[in-house]
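Visitor: To start, I am sharing the structure in question, which I have written as structure tokens.
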Amino acid sequence: MLLFFSIWSSVAAAADVRVLFAETDFAQILIQGAIEEGDGAKFYAIAESFPRATVALDSPGGVVSEALSIGAEIAIRGYTTYTGGQEASCYSACALIWVSGIRRYMTRDAVIGVHAAYRFITGSNGDREPRESGVANAEIGAFLNELGLSRKAIQFFTAAGPEEFQLITPEFAQILDIDVYVQDGFNVETPAERPTPRKIADTTTQLLKVATSCAPILDIPSRPIELQGRETLQNGHAIFGGEIFAELIVEYTDRRKAEIEQVGLPGWCIEADLDLRESGIQIAGLVGPSFDCGKAVSASERTICRSPELWARDRILSTAYLYFRGALPADEFANIQQSQRAWLKRRESCGSDLNCTKRVYSGRLRELGLQ
1 MLLFFSIWSS VAAAADVRVL FAETDFAQIL IQGAIEEGDG AKFYAIAESF
51 PRATVALDSP GGVVSEALSI GAEIAIRGYT TYTGGQEASC YSACALIWVS
101 GIRRYMTRDA VIGVHAAYRF ITGSNGDREP RESGVANAEI GAFLNELGLS
151 RKAIQFFTAA GPEEFQLITP EFAQILDIDV YVQDGFNVET PAERPTPRKI
201 ADTTTQLLKV ATSCAPILDI PSRPIELQGR ETLQNGHAIF GGEIFAELIV
251 EYTDRRKAEI EQVGLPGWCI EADLDLRESG IQIAGLVGPS FDCGKAVSAS
301 ERTICRSPEL WARDRILSTA YLYFRGALPA DEFANIQQSQ RAWLKRRESC
351 GSDLNCTKRV YSGRLRELGL Q
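Just so it is clear: in the sequence shown, position 273 is 273 by UniProt numbering, and no numbers are missing.
Listed below in structure tokens is the structure:
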């Protein structure tokens, strides 16, 4: 029995799933029309050829299982999704596909509507009537939970009845903790510019943990970073009120502890810096590597100075080296010193090759048990 996520899907034409534009490893894929049996397989066949893609959506919805199949492929492959513009819309099952994108784009006037999944039954008068399907809605909830959506977002997706819609506007997306990129002509608002409550809690706890635990091994002052974190939370209070953050801060603080237990503190500090930079946030005081870039001479040193993603790694290695020099007996430190010289030669041999430099840094961190 087919389970639908749009009241229109039983009468609309089958989805057109095709490549609009392709390069060697990238494609723009269009999904247009009602989603029916077999569309998941069509999408998979196309996706197998492209490690990167943007999926444009214009659909009234359709079969839940097919939409979940397509959405899972998008999430696993890290594809971007987009809807809006030129009278395009994305209802019901289509919204499940859209929200699966690692980056979700929508125009400011995009029409994205959601409601409960349903199946048709024959009523007492002989007419076919849509009735909500608890099984399908449970599958949708489980899928959205796997995507990391908040509880209130999951509830929002299936709250409206089969013949009703709730619209996901940019403002509702923000309240529901759904990170979106909002396109308005040639301008794009990023999630960092319009953060959700979860994103604010995530950023706050990252910054506060960096202040208390990472600042010493990065050799930077902790107080400015702490103020960054507190200011982030205060801004969240101003937008959403304080009550919403009470549980979120506890949740994300616990998440930070679990992450550090899994990868170790140095590795976590490096990942936190990269994650914050990706969100457009620079950790206060982390403005360069451990050495003075004004005195950089070699191609390798200049590569490090112009590559912020290397700065935390370089500073952690420098702090570790100084620690070993003060803490180890002379004969043991001599071994560290010898391996450090060999590592510096490997680093210098990378010259202007950033990927080579990254590999050399990662290797040294592993050698010292820091990552």
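All residues carry an ideal CB built from backbone N, CA and C; glycine is no exception.
(1) When you compare each of N137, Q340, E171, R151 to P162 by their alpha carbons, which one comes out closest?
(2) Just to confirm the assignment, what range does the beta strand (DSSP E) spanning T83 have?
(3) Between L368, E278, I283, which has its C-alpha nearest P266's C-alpha?
(4) Can you pull the DSSP bridge partners for Y181?
(5) Return the CA-CA distance between I102 and E73, expressed in angstroms with no decimal places.
(6) Once the 5 residues before and after T319 are set aside, which same chain residues still bring their CB inside 6 angstroms of it?
(7) Could you please give the first and the last residue of the uninterrupted alpha helix (DSSP H) stretch that includes D202?
(8) By how many angstroms is the C-alpha of A67 removed from the C-alpha of A12?
(9) What is the DSSP secondary structure of V100, reduced to helix, strand or coil?
(10) Which one of E164, H237, L167 has the shortest CA to CA distance from I200?
(11) With DSSP collapsed to three states, give me the class of V11.
(12) Who are the Cβ neighbours of A110 in its own chain at under 6 angstroms, not counting the five residues just before and after it?
(13) On the DSSP letters alone, give me the boundaries of the beta strand (DSSP E) that C90 sits inside.
(14) Under 8 angstroms: do the region 346 to 359 and the region 292 to 302 share three or more Cβ pairs, one atom per stretch?
(15) Identify whether V63 lies in helix, strand or coil by the three-state DSSP scheme.
(16) Determine the DSSP secondary structure at D353, reduced to helix, strand or coil.
(17) Quick one: Cα of R347 to Cα of I154, how far?
(18) Near residue 372, which residues of its chain fall below 7 angstroms by C-beta distance, leaving aside the five closest residues on each side in sequence?
(19) Should the region 271 to 290 be regarded as contacting the region 326 to 338, the criterion being three or more beta carbon pairs within less than 8 angstroms?
(20) Taking DSSP as the reference, what is the three-state secondary structure of R52?
(21) Give me the DSSP bridge partner(s) of Q371.
(22) At what residues does the alpha helix (DSSP H) containing A173 begin and finish?
(23) Give a yes or no on contact between the region 333 to 348 and the region 237 to 257, applying the rule of three or more CB pairs nearer than 8 angstroms.
(24) If you pair each beta-carbon of the region 55 to 64 with each one of the region 27 to 39, do three or more pairs fall below 8 angstroms?
(25) Rounded to the nearest angstrom, how far is the Cβ of V17 from that of M106, given a contact under 8 angstroms?
(26) Do you know offhand how far V55's Cα is from R77's?
(27) Under three-state DSSP, which class holds Q28?
(28) Pick helix, strand or coil for F165, following the three-state DSSP scheme.
(29) What does a CB cutoff of less than 6 angstroms around A296 pick up in its chain, not counting 5 residues either side in sequence?
(30) Nearest to P51 by CA position, among D39, A22, T204, is which residue?
(31) Which residue from T196, D58, Y79 puts its Cα closest to that of D25?
(32) Tell whether a beta-carbon distance below 9 angstroms holds between A53 and I29.
(33) Spatial neighbours of I168 within its chain, please: CB distance less than 6 angstroms, with the 5 preceding and 5 following residues excluded, ordered by chain position.
(34) I'd like the ranges of any alpha helix (DSSP H) spanning at least 4 consecutive residues and lying wholly in the region 248 to 284.
(35) Using 8 angstroms for Cβ pairs, my map puts A312 next to I225. What's the rounded Cβ distance?
(36) Taking a contact to mean a Cβ-Cβ separation below 9 angstroms, would you say I140 touches F157 in this structure?
Guide: So, from the listed chains and residues:
(1) Numbered from its first residue, the sequence shown carries residue 162 at position 162. Of N137, Q340, E171, R151, the residue nearest in Cα terms is N137.
(2) Here the question's residue 83 lines up with position 83 in the sequence shown. Note, T83: beta strand (DSSP E), 80 to 83.
(3) The residue given as residue 266 occupies position 266 in the sequence shown. The shortest C-alpha separation from P266 is found at L368.
(4) On the sequence shown, residue 181 is found 181 positions in, with the first residue counted as 1. Looking at the DSSP assignment, Y181 forms a beta bridge with Y105.
(5) Counted from its first residue, the sequence shown places residue 102 at position 102. Counted from its first residue, the sequence shown places residue 73 at position 73. Roughly 11 angstroms separates the two Cα atoms.
(6) Start at 1 with the first residue of the sequence shown, and residue 319 comes out as number 319. I217, D219.
(7) Against the sequence shown, residue 202 aligns to sequence position 202. Taken as a continuous stretch (DSSP letters only), the alpha helix (DSSP H) holding D202 covers 197 to 209.
(8) By 1-based counting over the sequence shown, the position of residue 12 is 12. By 1-based counting over the sequence shown, the position of residue 67 is 67. Only weak support exists for where A12 lies, its pLDDT of 44 falling under 50; the coordinates are left without a value.
(9) Numbered from its first residue, the sequence shown carries residue 100 at position 100. Residue identity check: residue 100 is Ser in the sequence provided, not Val. Of the three classes helix, strand and coil, the one that applies to S100 here is coil, per DSSP.
(10) Against the sequence shown, residue 200 aligns to sequence position 200. Nearest C-alpha to I200: H237.
(11) As a first step, residue 11 is located in the sequence shown; it is residue number 11 there, counting from the start. Here V11 scores only 39 on pLDDT, less than 50, and its place in the model is too uncertain to base an answer on.
(12) The residue given as residue 110 occupies position 110 in the sequence shown. Taken in chain order, the residues that qualify are T83, G84.
(13) Locating residue 90 in the sequence shown gives position 90, counting from the first residue. Run containing C90: 89 to 91, per the beta strand (DSSP E) assignment.
(14) yes
(15) Along the sequence shown, read from residue 1 onward, the residue named residue 63 stands at position 63. Of the three classes helix, strand and coil, the one that applies to V63 here is strand, per DSSP.
(16) Reading the sequence shown from its first residue, position 353 is the one you call residue 353. Here D353 sits in coil by DSSP.
(17) As a first step, residue 347 must be located in the sequence shown, where it is residue number 347. As a first step, residue 154 must be located in the sequence shown, where it is residue number 154. If you take the alpha carbons of R347 and I154, they lie about 48 angstroms apart.
(18) The structure shown does not extend to residue 372, since the chain spans only 1 to 371, so no value can be given for it.
(19) no
(20) Along the sequence shown, one-based indexing puts residue 52 at 52. Three-state DSSP puts R52 in a strand.
(21) In the sequence shown, residue 371 corresponds to position 371, counting from 1. Bridge partners of Q371: none, in fact.
(22) Working through the sequence shown from its first residue, we reach residue 173 at position 173. Residues 170 to 175.
(23) no
(24) yes
(25) Locating residue 17 in the sequence shown gives position 17, counting from the first residue. Locating residue 106 in the sequence shown gives position 106, counting from the first residue. Not quite, the Cβ-Cβ distance comes to about 20 angstroms (not below 8 angstroms), so this is no contact.
(26) Looking up residue 55 in the sequence shown gives position 55. Looking up residue 77 in the sequence shown gives position 77. Between V55 and R77, the C-alpha separation is close to 12 angstroms.
(27) Translated into the one-based positions of the sequence shown, residue 28 becomes position 28. Strand.
(28) Looking up residue 165 in the sequence shown gives position 165. If DSSP states are grouped into helix, strand and coil, F165 belongs with coil.
(29) Working through the sequence shown from its first residue, we reach residue 296 at position 296. Excluding residues within five positions, the ones whose Cβ falls inside 6 angstroms are R302, C305.
(30) Against the sequence shown, residue 51 aligns to sequence position 51. Nearest C-alpha to P51: A22.
(31) For this step, residue 25 is matched to residue 25 along the sequence shown. It is Y79 whose Cα lies nearest to the Cα of D25.
(32) Your numbering for residue 53 matches position 53 in the sequence shown. Your numbering for residue 29 matches position 29 in the sequence shown. Yes, Cβ-Cβ distance for A53 and I29 is below 9 angstroms.
(33) Here the question's residue 168 lines up with position 168 in the sequence shown. Excluding residues within five positions, the ones whose Cβ falls inside 6 angstroms are I112.
(34) 265 to 278
(35) The residue labelled residue 312 in the question sits at position 312 within the sequence shown. The residue labelled residue 225 in the question sits at position 225 within the sequence shown. Not a contact, Cβ separation roughly 13 angstroms.
(36) Translated into the one-based positions of the sequence shown, residue 140 becomes position 140. Translated into the one-based positions of the sequence shown, residue 157 becomes position 157. Yes.
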